[in-house]
Every structure is written in C-alpha cells, then in structure tokens.
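Heads up: the sequence shown begins at 648 in the numbering used here, then just goes up one per residue.
All C-beta atoms in this analysis are idealised placements derived from N, C-alpha and C, irrespective of residue type, glycine included.
Note that the coordinates shown come from a computational prediction; the quantities given were computed from them, not determined experimentally.
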Amino acid sequence: MLPTSTQQPAATRDMLAGSQTLFELARRGKRLTPWFVALPLLFAFFACLLLAYVIMVLLGLGPILNAWGSSKNVSLQALSLLIQTAFQYSFVILGVALWVRLYEGRPFWTLGFQAQGAASKILRGFLAGLAMFALSIGVLWLTGSVRSINNTPDQIGWSALSGVLIVLPAFLIQGPTEEILMRGWLMPTQGARYRPWVGIALSTITFTLLHIPDHLGSYNLLSALVLIVVSLFLAGYALLEGSIWGVCAWHAAWNWAEGNIFGMQVSGMTISGGTLIKLAPSGPDWLTGGVYGPEASVPVLAILLSGLAWICYRLYRRSRTYVQAL
C-alpha cells in the first residue's frame with residue numbers, strides 16, 4: 648500500500664512550494680478517497696456515459712440524434728453532437744459531485760472552481776489552447792506535412808460556421824469534464840492523501856489509458872508519449888493557477904481547434920459539425936500523426952514539451968520566491 652504521509656521528496660516539495668492550493672482544497676473534506684477506491688471509481692464515472700446513452704435510447708432520442716448526425720446539414724450534425732455530449736457528460740459530472748459531497752464531505756467548487764479570477768483564467772486558457780494548436784499546425788504547414796482539401800464544400804469554410812459554433816459548447820462540456828476528473832479530483836485527492844507526485848502520476852497514467860481510441864491500429868508509441876506530456880503539462884498548469892478553470896478552457900479550445908477549425912482527427916476520431924479549414928496529412932506518420940491525427944506527431948510533441956518546460960520554470964520561480972519569503 649502507498650504511504651499516507653503528506654511528506655514528499657525534496658525535489659517535488661521544492662518545485663511545488665507555493666503551489667499547493669488544489670491539494671489544500673482536497674483536504675477541506677472529511678476524508679480523502681484512497682487510491683484503491685479512486686481508480687475503480689474513476690472508471691465507474693466514465694461508465695455513466697454508457698448509462699446516459701441507454702437512457703437516451705429508452706427515451707427515444709437515439710434515432711432522432713442519429714438521423715441528425717448523419718445529415719449533410721452541419722448545424723444538425725453539430726446539434727446532435729451537442730445534445731449527446733451534454734446529456735451523457737452531465738451524468739459523469741453529477742456522479743463526481745455526489746461522491747465529493749456525500750463521501751469526501753466537501754463542496755463541488757473545491758475541485759478547483761474558485762470564483763476569484765475565474766473569467767481571466769478561462770480566457771487565458773482558451774486563447775492558449777487555440778494558439779498552441781495553431782502553432783503546431785503552422786509547423787506542419789511549413790514542413791509541407793499537411794494539405795488543404797475541399798471535397799465537401801457544404802461542410803467546409805464559412806458555410807459551415809453555424810455548425811462549428813454549435814459544436815463549441817460540446818467541447819466546453821467534454822474537455823472540462825475530463826479535467827474535473829483528472830486534475831480537479833484524482834490528482835488533488837491522491838496528492839493530498841499520499842504525495843503530490845502520486846496524484847500527478849496516477850492522473851497521467853489514467854488520462855493516457857482512457858484516450859486509447861476504439862481502433863487500436865491508430866494508436867502508437869508517439870501518441871502515448873504526447874498524451875503523457877499533455878497530461879503533465881495540464882497538471883502543472885492546474886497547480887500553477889491553483890484552479891482548473893484554465894485547463895478546462897485550454898482542453899476545450901485545443902480539441903475544438905483540432906476538429907472544427909482545422910478539420911483534423913482528434914485522438915483518432917473525426918468530429919462532426921463542419922470545419923472552417925480541412926487539412927489532411929501529406930507526409931510520414933511521425934511528422935503528421937497519420938490516422939490518429941496531429942496528437943501523434945513530433946511537432947505537437949515539441950510544442951507541448953515547450954509548454955511543459957515553461958510551466959516547470961514558472962513553478963520553480965514561484966517556489967524560490969515562496970521559500971525566500973518564509
């Protein structure tokens with residue numbers, strides 16, 4: 648069994664000095680969920696997606712949403728995706744909220760949803776997500792690794808704008824739900840109960856495993872490495888801000904840009920609702936990500952590593968200031 652001491656190794660303790668807000672919020676409850684309960688519970692939370700889908704079918708929504716999803720009308724496609732996402736992920740959020748309140752004995756906002764500075768953190772995170780993915784695409788474009796296509800003009804460009812905008816709220820639900828689970832709940836509870844590195848490691852491992860696509864043929868070592876790096880980046884980002892507002896917005900913006908602004912695969916999946924630009928890979932898989940999408944490419948890995956390095960530098964600078972002030 649892992650130790651329950653809150654003492655951590657010197658390297659981790661020094662790096663995170665002054666960045667303990669999320670762990671402190673987790674300790675506000677009556678109890679902290681142990682790892683051997685948290686991990687099965689995490690998968691139970693995601694199983695709520697299946698439960699919600701069954702309920703949608705029983706309510707007779709399935710045929711309607713499927714018909715909209717297969718329509719050539721991008722607005723109907725997007726609306727289908729939005730309704731399904733909102734309905735299914737609301738069950739996950741409700742499950743987490745009930746557990747945090749009834750078992751851990753703390754309010755939902757202690758997952759990292761403090762009111763102070765929320766708007767600025769959301770805006771900063773959203774713009775950072777857009778900028779980092781756009782920068783990745785810029786590198787791919789300059790190396791000739793992507794090409795623009797227009798094989799379905801009714802679903803690409805300004806004619807698809809309505810669908811692209813309708814899809815955005817879906818990503819503002821899906822991405823933040825994952826952040827609630829990983830950086831809002833799992834990482835802080837395990838980091839507070841054991842050691843910070845335990846929370847970071849467990850959230851990174853589970854985040855990576857949960858993003859293995861249905862078609863395993865598109866999943867490779869590079870995509871796994873990118874998932875590990877982005878999870879570490881988001882963990883550091885959340886710890887740096889002491890909340891998850893920023894990472895929620897970053898996650899949503901990144902996925903939206905990838906799937907509906909540049910029209911590329913998102914973790915091996917094609918996103919409906921149209922796209923402003925449609926790009927297709929035209930180079931080796933290690934450079935383009937192949938069928939998995941840019942998230943399995945070296946340029947995206949380099950951008951995320953740069954972001955992670957910047958976050959680590961900021962955490963280190965804060966820790967130095969914090970220690971000197973003691």
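Buried or exposed (CB count within 10 angstroms, at least 16 for buried), arginine 748: exposed
Cβ pair count under 8 Å reaching 3, the region 686 to 697 against the region 705 to 721: no
Using C-beta distances below 6 Å, list every residue in its chain close to glycine 921, excluding the 5 sequence neighbours before and after it, in chain order. Val721, Gln802, Ala807, Gly810 and Val811
Are the CB atoms of isoleucine 891 and alanine 900 nearer to each other than 8 Å? no
So, is arginine 840 buried or exposed, given that buried needs 16 or more other C-beta atoms within 10 angstroms? buried
Can you confirm whether the region 735 to 753 touches the region 664 to 681 when touching is taken to mean that 3 or more C-beta pairs between the two stretches lie within less than 8 Å? yes
With a threshold of 8 Å on Cβ separation, who are the neighbours of asparagine 798 within its own chain once the five nearest residues in sequence on each side are excluded? Scanning its chain for C-beta atoms nearer than 8 Å, with the 5 sequence neighbours on each side dropped, one finds around asparagine 798 the residues Lys925, in chain order.
If you draw a straight line from the alpha carbon of histidine 862 to that of threonine 853, how long is it in whole angstroms? With a pLDDT of only 46 at histidine 862, under the threshold of 50, the placement of this residue in the model should not be trusted; the figure read from the coordinates follows. Each residue's Cα considered, the two are about 18 Å apart.
Check this for me: beta carbons of tyrosine 960 and glutamine 821, under 8 Å apart or not? Pairing tyrosine 960 with glutamine 821 gives a Cβ-Cβ distance that is not under 8 Å.
Just confirm the distance between the C-beta atoms of glycine 716 and leucine 728, as a whole number of angstroms; I'd bet it's less than 8 Å. 7 Å
DSSP three-state call for arginine 794: helix, strand or coil? strand
What runs of the beta strand (DSSP E), each 3 residues or longer, lie entirely inside the region 852 to 933? 926 to 928
Where are the alpha helix (DSSP H) runs, 4 residues long or more, that stay fully inside the region 749 to 805, in chain order? 765 to 789
Alpha carbon of leucine 669 to alpha carbon of glutamate 751, nearest angstrom: 15 Å
From the DSSP output, in three-state form, read off glycine 676 for me. coil
Beta-carbon spacing of leucine 887, isoleucine 827 below 8 Å: No, Cβ-Cβ distance for leucine 887 and isoleucine 827 is not below 8 Å.
Tell whether a beta-carbon distance below 8 Å holds between leucine 815 and tryptophan 682. no
Taking the Cβ atom as the reference point for each residue, do valine 739 and phenylalanine 690 lie within a distance shorter than 8 Å? no
For proline 823, name the three-state secondary structure that DSSP assigns. helix
For phenylalanine 818, collect the residues of the same chain with a Cβ closer than 7 Å to its Cβ; drop the 5 residues on either side in sequence, then sort them by chain order. Ala899, Asn902 and Trp903
So, for leucine 833: in the same chain, excluding its five sequence neighbours on each side, which residues have a beta-carbon less than 8 Å away from its beta-carbon? Ala685, Leu689, Gly846, Leu849, Ser850 and Thr853
Is arginine 842 helix, strand or coil when you go by DSSP? coil
Considering only C-alpha positions, which residue in the set Phe734, Thr732 and Leu758 is nearest to valine 743? Leu758
Can you tell me whether arginine 967 is buried or exposed, with buried defined as 16 or more other CB within 10 angstroms of its CB? Taking a 10 Å sphere around the C-beta of arginine 967, we find fewer than 16 other C-beta atoms and assign the residue as exposed.
What separation, rounded to the nearest whole angstrom, lies between the Cα atoms of glycine 893 and leucine 923? 25 Å
Extract the residue ranges of the alpha helix (DSSP H) inside the region 929 to 959, only unbroken runs of 4 or more that lie entirely within it. 932 to 935, all fully within the region 929 to 959.
Completely contained alpha helix (DSSP H) runs for the region 683 to 716, where each covers 4 or more residues: 708 to 716
Are serine 870 and tyrosine 963 touching if we call contact CB-CB under 8 Å? no
For glycine 785, is the classification buried or exposed, using 16 other Cβ atoms within 10 angstroms of its Cβ as the cut-off for buried? exposed
CB contact below 8 Å: alanine 871 versus chain B: Among the chains of the structure shown, chain B does not appear; only one protein chain is present.
Kindly list the residues whose CB is nearer than 7 Å to the CB of alanine 775, restricted to its own chain and excluding five residues on each side of it in sequence; keep chain order. Within its own chain, the residues whose Cβ lies closer than 7 Å to the Cβ of alanine 775, once the five positions on either side in sequence are excluded, are Trp897, listed in chain order.
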